[in-house]
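Notes follow once the structure below has been shown.
Residue numbers (our numbering): 169 to 463.
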């Protein structure tokens with residue numbers, strides 16, 4: 169009788185363990201938006217939540233906890249130290265970052281941040297609209313924040329740059345023609361125009377849209393391969409059923425339409441910081457034709 173009970177327990181043990189795995193709630197952490205108007209971080213949180221929702225049936229329930237007060241640099245430090253369980257943060261891919269962390273190779277904004285349009289000084293608008301090629305752009309200066317990846321990309325494409333340590337200093341400087349162009353992602357520029365319109369009446373060049381690959385992924389500590397696989401699978405499922413695209417457009421469609429890309433010449437550039445990237449992400453990147461909605 170005793171041997172029979174032991175045998176039954178051994179046979180049932182794997183089923184119990186599997187049931188516990190299904191019931192156990194997995195905790196994830198990610199940076200919060202610091203202000204309600206920070207649509208970029210809010211979108212990132214909601215996309216991560218969507219990916220987790222899509223995988224509950226296979227991986228079990230989850231809890232998503234938000235961590236406040238994190239700059240981009242601090243996010244990487246927190247992830248490196250593995251301070252929080254399953255901590256995922258968004259950052260632009262570089263070969264250097266990929267050597268330090270594990271990532272889900274799905275582009276969080278479908279690559280649209282790599283499409284850049286530019287502020288110019290009011291007095292320079294007419295001249296700026298004559299620029300339609302890389303060769304012409306190379307005759308002008310582009311303002312950049314110190315440490316931005318765009319700085320390395322522009323310099324690799326032989327575009328002269330002027331670096332500024334303070335982000336907010338860029339807007340009055342371009343307005344005073346201290347440099348010719350200040351280029352921002354198409355998901356950012358409308359918001360920035362509204363934020364700084366009163367203090368700096370910003371003017372938008374209408375002739376060009378610069379494009380270079382600038383994929384942003386969810387990165388995490390290398391000790392989280394299972395959680396990374398879950399996030400990647402959830403993102404792909406959300407893409408397949410269209411819910412990921414719908415979420416992105418709910419945040420950024422108005423911004424993209426504001427830019428009116430169909431009236432602009434595209435200036436392609438290369439990104440030397442992504443030589444070792446897993447190119448499977450490219451199947452999810454939006455082309456310029458995907459940014460035109462009134463076809």
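All C-beta atoms, glycine included, are put in the ideal place defined by N, C-alpha and C.
Computed from a predicted model, the values in this text were never measured in an experiment.
Could you check how far apart the C-beta atoms of residue i and residue j are, in whole angstroms? I think they sit under 8 Å.
i           : j           : result
residue 285 : residue 343 : Actually they are not in contact, since the Cβ atoms of residue 285 and residue 343 sit about 16 Å apart, beyond 8 Å.
residue 460 : residue 429 : 6 Å
residue 220 : residue 230 : 5 Å
residue 218 : residue 417 : Actually they do not touch by this definition, with Cβ atoms about 13 Å apart.
Going by DSSP in three states, residue i sits in which element: helix, strand or coil?
i           : result
residue 222 : coil
residue 347 : coil
residue 419 : helix
residue 334 : coil
residue 460 : coil
residue 368 : coil
residue 276 : coil
residue 307 : coil
residue 454 : coil
residue 443 : coil
Taking 8 Å as the threshold (C-beta atoms), are residue j and residue i in contact?
i           : j           : result
residue 280 : residue 376 : no
residue 271 : residue 196 : no
residue 275 : residue 452 : yes
residue 347 : residue 310 : yes
residue 273 : residue 446 : yes
residue 394 : residue 325 : no
residue 265 : residue 349 : no
residue 200 : residue 235 : yes
residue 331 : residue 322 : no
Identify the continuous alpha helix (DSSP H) that holds residue i and give its terminal residues.
i           : result
residue 433 : Per DSSP, residue 433 belongs to no alpha helix (DSSP H); it is in the beta strand (DSSP E), 433–436.
residue 296 : 293–296
residue 146 : No information on residue 146 is available, as it lies outside the stretch 169 to 463 that the chain covers here.
Identify the residues that DSSP records as bridge partners of residue i: which are they?
i           : result
residue 353 : 284
residue 258 : 386
residue 197 : 233, 255
residue 271 : 387
May I ask whether a heavy atom of the ligand HEM can be found less than 7 Å away from the beta carbon of residue i?
i           : result
residue 248 : With respect to the ligand HEM, the structure shown offers nothing to examine, as it has no ligands at all.
Can you tell me where the beta strand (DSSP E) with residue i in it begins and where it stops?
i           : result
residue 192 : Note, residue 192: premise wrong, no beta strand (DSSP E); not H, not E.
residue 240 : Where residue 240 is concerned, there is no enclosing beta strand (DSSP E), although the alpha helix (DSSP H) it sits in stretches over 240–249.
residue 378 : 376–379
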